[in-house]
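Participant:
There are 2 protein chains.
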Amino acid sequence: MGSYPYWEDVEEGTEVPSLVKHPTTRQLVRYAGVSGDFYEIHYDKDFAQSTGLPGVILHGALKSAFLAQLLTDWIGPQGTLRKLGCQYRGMDQPGAPLTCKGVVTKKYVANGEHLVDCEVWVEDEKGQKFTPGWATVVLPTRAG
Amino acid sequence: MGSYPYWEDVEEGTEVPSLVKHPTTRQLVRYAGVSGDFYEIHYDKDFAQSTGLPGVILHGALKSAFLAQLLTDWIGPQGTLRKLGCQYRGMDQPGAPLTCKGVVTKKYVANGEHLVDCEVWVEDEKGQKFTPGWATVVLPTRAG
Numbered sequence: 001m002g003s004y005p006y007w008e009d010v011e012e013g014t015e016v017p018s019l020v021k022h023p024t025t026r027q028l029v030r031y032a033g034v035s036g037d038f039y040e041i042h043y044d045k046d047f048a049q050s051t052g053l054p055g056v057i058l059h060g061a062l063k064s065a066f067l068a069q070l071l072t073d074w075i076g077p078q079g080t081l082r083k084l085g086c087q088y089r090g091m092d093q094p095g096a097p098l099t100c101k102g103v104v105t106k107k108y109v110a111n112g113e114h115l116v117d118c119e120v121w122v123e124d125e126k127g128q129k130f131t132p133g134w135a136t137v138v139l140p141t142r143a144g
Numbered sequence: 145m146g147s148y149p150y151w152e153d154v155e156e157g158t159e160v161p162s163l164v165k166h167p168t169t170r171q172l173v174r175y176a177g178v179s180g181d182f183y184e185i186h187y188d189k190d191f192a193q194s195t196g197l198p199g200v201i202l203h204g205a206l207k208s209a210f211l212a213q214l215l216t217d218w219i220g221p222q223g224t225l226r227k228l229g230c231q232y233r234g235m236d237q238p239g240a241p242l243t244c245k246g247v248v249t250k251k252y253v254a255n256g257e258h259l260v261d262c263e264v265w266v267e268d269e270k271g272q273k274f275t276p277g278w279a280t281v282v283l284p285t286r287a288g
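Sequence order for the protein chains is P and Y.
Here the first sequence stands for residues 1 to 144, where the numbers follow the working numbering.
Here the second sequence stands for residues 145 to 288, where the numbers follow the working numbering.
Written out as structure tokens, the structure reads:
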């Protein structure tokens, strides 16, 4: 990395560099541990199928965390992720890659802060966008 | 509880009170987290079956921990679990109860300590003893 955007570098339509994630059953087990969400649909295939799911599915909050990583990887240590929200509109299973994407929708100054709003989303291999979100980041300015 | 054995209370052949455990897929996921053993055979059914297993199986060290609980529940806070070993001779799956049992094989004094050796094991519903073990505990004496 090493090259992070200044507020002057972005404008409406600027794309956030994509982040590809490869969620595995192991990641779901680790995420259960760190999040404290031990609902069996995230690791017990038989249980998941007994509830009508095709198999184990990702924690929604894990997909939200992927979006957070998309943004913090982009803005770097000088930026601040101020707000992040998303909706869980569909289920994703481990074993297939997910691509996190984003685009700048607005840039503005408020209360002395240089702000950027983005649309973000997680996309599966079929291009389905099950996790649309929105974020606000604070970027540094070249003026310092 | 509240009633724990003194060294004078036990003799060769004394049975350790049984401990019944009900391992679940959730317990295996929790155990993966605390032990750091994230091998997929303990939570990913498809992976487990791809290695020839009938499904996910218990961590051997979890069964060893069940035996430790058997003993520490028995001896109470005034006793000390000095040694515990076991062999993993078979696989156990979550969803069926396991019973931990033990019997005193020897009592003796060494270096001023009042010691008790035990055979311990984990038994499944069919009476199969896949996890035989041996332990040494230190018990308090009525003499104080």
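Just so it is clear, CB atoms sit at the ideal spot from N, CA and C, and this is done for glycine as well.
So with Cβ pairs under 8 Å, would you call Asp-44(P) a contact of chain Y?
Facilitator: Output row for Asp-44(P): interface = yes.
Participant: With a threshold of 6 Å on Cβ separation, who are the neighbours of Leu-225(Y) within its own chain once the five nearest residues in sequence on each side are excluded?
Facilitator: Contacts found: Leu-215, Thr-216 and Val-281.
Participant: Below 8 Å, can you find three or more Cβ-Cβ pairs linking the region 108-127 of chain P to the region 40-48 of chain P?
Facilitator: No contact exists between the region 108-127 of chain P and the region 40-48 of chain P.
Participant: Answer yes or no: does any C-beta atom of chain Y fall closer than 8 Å to that of Gly-60(P)?
Facilitator: Closer than 8 Å: no.
Participant: Thr-51(P) CB to nearest chain Y CB: under 8 Å?
Facilitator: Taking Cβ atoms only, chain Y never reaches closer than 8 Å to Thr-51(P), which makes this a no.
Participant: Among Ser-3(P), Tyr-4(P) and Val-16(P), which one has its Cα closest to the Cα of Asp-117(P)?
Facilitator: Measuring from the Cα of Asp-117(P), the nearest candidate turns out to be Val-16(P).
Participant: Verify whether the separation of the beta carbon atoms of Val-122(P) and Gly-13(P) is less than 8 Å.
Facilitator: Their beta carbons are not under 8 Å apart, which means Val-122(P) does not touch Gly-13(P) by this criterion.
Participant: Under three-state DSSP, which class holds Asp-117(P)?
Facilitator: Strand, per DSSP.
Participant: Please go through the same chain and pick out, in chain order, the residues whose beta-carbon is closer than 8 Å to the beta-carbon of Gln-237(Y), but skip the five residues on each side of it.
Facilitator: So the qualifying residues of the chain are Pro-198, Gly-199, Val-200, Ile-201 and Leu-202.
Participant: So, using beta-carbon positions, are Gly-277(Y) and Leu-228(Y) closer together than 8 Å?
Facilitator: Yes, these two residues count as a Cβ contact at 8 Å.
Participant: Against chain P, does Phe-191(Y) count as a neighbour if the rule is that its beta carbon must be under 8 Å from one of theirs?
Facilitator: True, the Cβ-Cβ gap to chain P drops below 8 Å.
Participant: For the beta strand (DSSP E) that Ser-162(Y) lies in, which residues bound it at each end?
Facilitator: 159-165 is the extent of the beta strand (DSSP E) around Ser-162(Y).
Participant: For the beta strand (DSSP E) that contains Arg-226(Y), what are its first and last residues?
Facilitator: Counting along the chain, the beta strand (DSSP E) containing Arg-226(Y) begins and ends at 224-230.
Participant: Report buried or exposed for Val-164(Y), applying the criterion of at least 16 other Cβ atoms within 10 angstroms of its Cβ.
Facilitator: Exposed: under 16 other Cβ atoms inside 10 Å.
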